[in-house]
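Presented below is the structure to which this report refers.
In our numbering, the protein residues as written are 909 to 1189.
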């Protein structure tokens, strides 16, 4: 297959390259913003698991646009990630470093597009104890302001009700959203949680994180429909591109197709060794 074959099969991959986005996932956040106005009034935002960093790009461009410092970009190198904090497991020092970065102020928005290695059509193994959304929620309780918004990728598996119950302890408004740029074959979705309001007397701590087994007691605090029913919405205009459809290379008759290399190559892809062996003959 030629290098343009993926441009035919994945329209959002092609649009991401042409727009200078680090990954196609940028369109997921853009479509969530279109539906929920997530970035309205945001001045301080945290992107957890920012790899390769397309969501950080969206946040950075939005904030710079508000401040009048951003020039629209079409193709070329990807935007640098502003002031990244070294990757590490969720711990108190990480939350403290985030707060120091914001000069002691809490964040208006926390987003997390992280996912464990594996197939997106299947739930990750050990979905409770190894769940990134639980870890993201845990650190969010340290850095998010009251009334703030939390957005995270989830996989709609059998244990998603436990996550919903935890989220509803901290957010009165929880919605499960599926951006149009997310493939129908994928069980991924995003929880959009607004109006952060921790329980009275709650003290954020990393010593007893929300992903510990005793956190399952939160489910018993909810009763009736509130235990399991979370609104589900589709994001993105119906006229938007279909991620499961193959499109011709030339979308605009007045604009000839030209291949654009990825602005940010994959980080340690599993097929890297195979590519090296093939190049070496």
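Glycine included, each C-beta is placed from N, C-alpha and C at the ideal position.
N-terminal and C-terminal residue of the beta strand (DSSP E) that residue 1183 is part of | For residue 1183, there is no enclosing beta strand (DSSP E); the residue is found in the alpha helix (DSSP H) stretching over 1180-1187.
Taking just the CA atoms, how far does residue 1100 sit from residue 955?
-> Between residue 955 and residue 1100, the C-alpha separation is close to 14 Å.
Grab me the residues of residue 945's own chain with a C-beta within less than 8 Å of its C-beta, minus the 5 sequence neighbours each way, in chain order.
-> Within the same chain, residue 945 has no close Cβ partners at all.
Using three-state DSSP, classify residue 1102 as helix, strand or coil.
-> Residue state, collapsed to three classes: strand.
Extent of the continuous beta strand (DSSP E) to which residue 1139 belongs = Secondary structure note for residue 1139: it is in no beta strand (DSSP E), with a DSSP letter that is neither H nor E.
Bridge partners - residue 1062, DSSP secondary structure assignment = Beta-bridge pairing links residue 1062 to 1097.
Leaving out five residues before and five after residue 917 in sequence, what residues of the same chain have Cβ atoms less than 6 Å from its Cβ?
-> Result list for residue 917: 1154, in chain order.
For the beta strand (DSSP E) that contains residue 1172, what are its first and last residues?
-> Taken as a continuous stretch (DSSP letters only), residue 1172 belongs to no beta strand (DSSP E), as it is neither H nor E.
Among residues of its own chain, excluding the 5 on either side of residue 1092, which ones have a beta-carbon nearer than 7 Å to its beta-carbon?
-> Around residue 1092: 1152.
Drop a sphere of 10 angstroms on the beta-carbon of residue 914, count the other beta-carbons inside from all chains shown, and report buried for 16 or more, exposed for fewer.
-> Flag for residue 914 reads exposed.
Using DSSP bridges, identify the partner residues of residue 1085.
-> DSSP output for residue 1085 lists 1098 and 1141 as bridge partner(s).
Do residue 952 and residue 1015 have their C-beta atoms within less than 9 Å of each other?
-> Yes, the pair counts as a contact, with Cβ atoms nearer than the cut-off.
Selection from 1070, 1156, 1139 and 1087 that minimises the alpha carbon distance to residue 937 | Answer by Cα proximity: 1087.
CB-CB under 6 Å to residue 1139, same chain, minus the five flanking residues each way: which ones, in chain order?
-> Its chain contains 1083 as the residues whose beta carbon lies nearer than 6 Å to that of residue 1139, once the 5 sequence neighbours on both sides are disregarded; these appear in chain order.
Is residue 1069 helix, strand or coil by DSSP?
-> In the three-state DSSP reduction, residue 1069 falls in the helix class (H, G or I).
Does the stretch 1094-1112 come within contact of the stretch 1060-1076, defined as at least 3 CB pairs closer than 8 Å?
-> In short, these stretches touch, since the Cβ pair count reaches three.
Would you kindly work out how many angstroms separate the C-alpha atoms of residue 1048 and residue 921, rounded to a whole number?
-> So the alpha carbons of these two residues sit roughly 30 Å apart.
Could you give the DSSP three-state label for residue 1163: helix, strand or coil?
-> For residue 1163, the three-state secondary structure derived from DSSP is strand.
Could you give the DSSP three-state label for residue 950: helix, strand or coil?
-> It is coil, neither helix nor strand.
My understanding is that residue 970 touches residue 940, with C-beta atoms under 8 Å, so please give their C-beta distance in whole angstroms.
-> The beta carbons of residue 970 and residue 940 sit about 12 Å from each other, so the pair does not count as a contact at 8 Å.
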